[in-house]
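Residue numbering for the sequence shown follows full-length UniProt numbering, starting at 1 and increasing by one per position.
Just so it is clear, CB atoms sit at the ideal spot from N, CA and C, and this is done for glycine as well.
Quick notes on the structure that follows.
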Amino acid sequence: MSPCGATCPGWLPGSGCTRKEVGSYNKGKEKEQDAAEFSFVSTQREHAGRYRCQYRVSWSVGASEKSDPVELVLTDHSYSPPSISIHPEQHVEMGTNITIRCWNKDYGATFLLHKDGSSDPIKHQDPSGGGAANFTFLAMTPADSGTYRCSYHPKASLFVSSPLGDSVTLEVTPTPAPPGTEEQSRANVVMALVRGFVAALVFGLGVFFVIDARSLWIRRDDNCGAPPVTVSV
């Protein structure tokens, strides 16, 4: 197995740092420093597990609280990779329900579903019987498109995993518009434009008639106020 390591950043100057697995394995460094790095030159099954950091300072007999955990999961190539299939098919329309099935020999295992681009498994399932798990997705969207793979770990070894199996690629396409929708949309746009033109025309005619009527009243007022004409004989 390949070498691995972990770094524990120190919270206080001159702190010692300890990495501790939940279980029986301990490893520590007593040298005062701001951070400590622990490495395994050749990882073994007993190194798999959950780890936390803890530190203590020279002027105190107590220790800090434990850090958030990290998990070291080892891939054991002695386990055969699982198989995978997708139903109804790999190319579906948006809104379709699909099922991804993972299976192996009946090891009594927990199955993990991985999606390329995600660092952690997106789903897991512990089937009550048999060596298969069905992962169902409802109302798929284009965001669900991608490449999926399976792995599993025996129930007795939570931090030991099989290699990733073969992949399936899912493509979710938008639902096509019903026939005639585009033509209806164009007709609606044309109708809206016609209505807007008619409304503008009616408004313009109204303004024109108001201005014309006002001009007539002004001319009549001017005629009524004109001085009488005197004719000499």
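- In the three-state reduction of the DSSP assignment, His-91 falls in the strand class.
- Taken through DSSP and simplified to helix, strand or coil, Gly-206 comes out as helix.
- If you draw a straight line from the Cα of Pro-82 to the Cα of Thr-99, it is about 16 Å long.
- Under the 10 Å beta carbon count, Asn-188 is surrounded by fewer than 16 other beta carbons and is classified as exposed.
- Across the structure, Arg-186 and Pro-178 are spaced so that their CA atoms are roughly 14 Å apart.
- For the pair Ser-145 and Ser-162, the CB atoms are not nearer than the 8 Å cut-off.
- In terms of Cβ geometry, Gly-131 and Ala-109 form a close pair [threshold 8 Å].
- Looking at the DSSP output, Gln-125 shares a beta bridge with Phe-111.
- Spatial neighbours of Leu-138 in its own chain (CB-CB distance under 8 Å, excluding positions within 5 residues in sequence) are listed in chain order as Asn-97.
- Taking the Cα positions, Thr-175 is about 10 Å away from Thr-141.
- When the Cα atoms are used, Thr-169 and Phe-111 turn out to be separated by approximately 19 Å.
- A buried status is given to Trp-103, since no fewer than 16 other beta-carbon atoms sit within 10 Å of its beta-carbon.
- For Gly-62, the three-state secondary structure derived from DSSP is coil.
- Cβ neighbours of Thr-136 within its own chain (closer than 6 Å, five residues either side excluded): Thr-99.
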